[in-house]
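Novice: Below you will find the structure I want to go over with you.
In the numbering used here, the protein residues as written are 39 to 306.
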């Protein structure tokens with residue numbers, strides 16, 4: 039069993055139908071039948087891995103149109119992927135994921151409050167289930183504040199009950215390359231400190247992961263494991279820093295086991 043990752047996030051639910059039913063778009067699996075992944079998910083969980091499912095992404099049609107629709111989506115997500123009943127379960131019966139992640143990168147700003155509703159509805163269902171511990175997370179991009187996550191009024195960081203956020207410090211001028219003075223995409227500064235302070239004010243319990251690209255093909259601003267370690271040594275004493283997120287595990291594997299390089303380097 040792979041000892042590099044503690045949390046594995048499957049991506050993505052990239053659309054909802056007219057009734058709010060989630061549609062999967064995973065590598066090699068689309069729609070609502072991904073039962074082939076069920077045994078792998080169970081094996082990972084049995085070996086102590088946290089398995090979550092991400093909603094959103096850069097493409098797809100996952101917009102929310104009303105508070106009631108957001109509540110509908112929450113109920114379907116609970117019944118299909120968490121510990122609910124009464125609906126088809128894409129990963130197979132008995133497969134209960136450990137949480138839901140939100141990677142919102144499109145949609146009208148006025149819909150931000152609907153995402154807050156969705157997240158908080160899921161939290162209510164999770165708290166009522168005493169059989170296991172669940173997680174809710176988000177993946178804002180590093181330009182501050184994030185257009186969809188905030189922080190700010192009616193945004194997920196300020197008003198939703200998230201456990202952690204994996205900030206995407208790539209594909210933007212404020213990415214990890216800016217720590218070394220490298221300017222891309224119009225330039226910018228590495229702003230982890232700004233994010234940390236803002237998250238502390240919004241929710242002292244919320245943790246932050248440093249999101250990085252796992253290869254040059256995975257995202258702009260890629261840095262070597264040695265350079266990432268320099269960043270981690272600078273920010274690791276930040277109270278809400280909780281680790282590193284890599285996009286994605288496949289790229290990391292083919293990039294000379296970049297995940298193992300990061301783990302070994304950062305723990306040295």
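Note that the Cβ used here is the ideal one computed from N, Cα and C, for glycine as well.
Is the beta carbon of residue 141 less than 8 Å from the beta carbon of residue 230?
Specialist: Counting from 1 along the chain shown, the entry for residue 141 is found at position 103. Counting from 1 along the chain shown, the entry for residue 230 is found at position 192. Result no, Cβ atoms of residue 141 and residue 230 do not sit closer than 8 Å.
Novice: How about residue 177: is its C-beta nearer than 8 Å to some C-beta of chain C?
Specialist: The chain inventory of the structure shown lacks chain C, comprising one protein chain alone.
Novice: Based on Cα-Cα distance, which residue from 250, 76, 61 and 266 lies nearest to residue 135?
Specialist: Mapped onto the chain shown, residue 135 falls at position 97. The residue with the shortest Cα to Cα distance from residue 135 is 76.
Novice: Based on the DSSP secondary-structure assignment, which residues constitute the bridge partners of residue 251?
Specialist: For the purposes of this step, residue 251 is taken as the residue at position 213 of the chain shown. In the DSSP output, where bridge partners are listed per residue, residue 251 has 285.
Novice: Could you check the C-alpha separation between residue 115 and residue 287 for me, to the nearest Å?
Specialist: On the chain shown, residue 115 is found 77 positions in, with the first residue counted as 1. On the chain shown, residue 287 is found 249 positions in, with the first residue counted as 1. Straight-line Cα distance between these residues: approximately 24 Å.
Novice: Closest to residue 237 by C-alpha separation, out of 187, 262 and 250, would be which residue?
Specialist: As a position in the chain shown, residue 237 is number 199, starting the count at 1. The residue with the shortest Cα to Cα distance from residue 237 is 187.
Novice: Strictly by DSSP, which residues pair up with residue 207?
Specialist: Numbered from 1 along the chain shown, position 169 holds the residue referred to as residue 207. Residue pairing for residue 207: DSSP places it in no beta bridge.
Novice: Could you tell me how far apart the beta carbons of residue 139 and residue 177 are, in whole angstroms, since I believe they sit closer than 8 Å?
Specialist: To locate residue 139, count along the chain shown from 1; it is residue 101. To locate residue 177, count along the chain shown from 1; it is residue 139. Right, their Cβ atoms sit about 6 Å apart.
Novice: For my contact list, residue 299 and residue 259 are in at a C-beta cut-off of 8 Å; report their separation, rounded to the angstrom.
Specialist: Position 261 of the chain shown, counting from 1, holds the residue named residue 299. Position 221 of the chain shown, counting from 1, holds the residue named residue 259. Residue 299 to residue 259, Cβ: 17 Å. No contact.
Novice: State yes or no: is the C-beta of residue 244 within less than 8 Å of the C-beta of residue 203?
Specialist: On the chain shown, residue 244 is found 206 positions in, with the first residue counted as 1. On the chain shown, residue 203 is found 165 positions in, with the first residue counted as 1. Residue 244 places its beta carbon less than 8 Å from that of residue 203.
Novice: Take residue 64 as the anchor and find which of 91, 42 and 57 has the nearest alpha-carbon.
Specialist: For this step, residue 64 is matched to residue 26 along the chain shown. Of 91, 42 and 57, the residue nearest in Cα terms is 91.
Novice: Helix, strand or coil for residue 221? Go by DSSP, reduced to three states.
Specialist: Sequence index remark: in the chain shown, residue 221 carries index 183 (1-based). DSSP places residue 221 in coil when its eight states are reduced to three.
Novice: Around the Cβ of residue 106, are there at least 16 other Cβ atoms within 10 angstroms (buried) or fewer (exposed)?
Specialist: Residue mapping note: residue 106 aligns to position 68 of the chain shown, counting from 1. By the 10 Å Cβ count, residue 106 comes out exposed.
Novice: Please list, in chain order, all residues of the same chain as residue 168 whose beta carbon is under 7 Å from its beta carbon, the five residues on each side excluded.
Specialist: Reading the chain shown from its first residue, position 130 is the one you call residue 168. Cβ within range, chain order: n/a, list empty.
Novice: Where DSSP assigns a beta bridge to residue 173, which residues make up the other side?
Specialist: If you number the chain shown from 1, residue 173 lands on position 135. 137.
Novice: Short check: CB of residue 271 to CB of residue 42, under 8 Å?
Specialist: For the purposes of this step, residue 271 is taken as the residue at position 233 of the chain shown. For the purposes of this step, residue 42 is taken as the residue at position 4 of the chain shown. Cβ distance not < 8 Å, so residue 271 and residue 42 don't count as in contact.
Novice: In or out: residue 29 buried (at least 16 other Cβ within 10 Å) or exposed?
Specialist: Because the chain here runs from 39 to 306, residue 29 falls outside it and cannot be looked at.
Novice: How would you label residue 249, buried or exposed, when you count the other beta carbons within 10 angstroms and need 16 or more for buried?
Specialist: Indexing the chain shown from 1 puts residue 249 at position 211. Counting Cβ neighbours within 10 Å, residue 249 comes out buried, since at least 16 surround it.
Novice: Can you have a look at residue 196 and say buried or exposed, based on whether 16 or more other CB atoms are within 10 angstroms of its CB?
Specialist: To locate residue 196, count along the chain shown from 1; it is residue 158. Residue 196 is buried by the Cβ-count criterion.
Novice: So residue 109 and residue 159 are in contact, right, with Cβ under 8 Å, and what is the actual spacing, rounded?
Specialist: By 1-based counting over the chain shown, the position of residue 109 is 71. By 1-based counting over the chain shown, the position of residue 159 is 121. Confirmed, Cβ separation roughly 5 Å.
Novice: Relative to the alpha-carbon of residue 241, which residue among 128, 83, 58 and 190 has its alpha-carbon at the smallest distance?
Specialist: Counting from 1 along the chain shown, the entry for residue 241 is found at position 203. Nearest of 128, 83, 58 and 190 to residue 241, Cα basis: 190.
Novice: Rounding to the nearest angstrom, what Cα-Cα distance links residue 180 and residue 234 in this structure?
Specialist: Here residue 180 refers to the residue found at position 142 when the chain shown is read from its first residue. Here residue 234 refers to the residue found at position 196 when the chain shown is read from its first residue. Cα to Cα, the separation comes out at about 11 Å.
Novice: What residue from 67, 173, 212 and 217 has the CA that sits closest to residue 46's CA?
Specialist: In the chain shown, counting from the first residue as 1, residue 46 sits at position 8. Measuring from the Cα of residue 46, the nearest candidate turns out to be 173.
Novice: What runs of the alpha helix (DSSP H), each 4 residues or longer, lie entirely inside the segment 99 to 155?
Specialist: 105 to 119
Novice: Could you name the residues that DSSP lists as bridge partners for residue 276?
Specialist: Within the chain shown, residue 276 is the residue found at index 238, counting from 1. DSSP lists no partner for residue 276.
Novice: Where does residue 305 fall in DSSP's three states?
Specialist: Numbered from its first residue, the chain shown carries residue 305 at position 267. Three-state DSSP puts residue 305 in coil, outside helix and strand.
Novice: Which residues mark the beginning and the end of the beta strand (DSSP E) in which residue 50 is found?
Specialist: As a working note, residue 50 is residue 12 in the chain shown. Residue 50 -> beta strand (DSSP E) spans 45 to 54.
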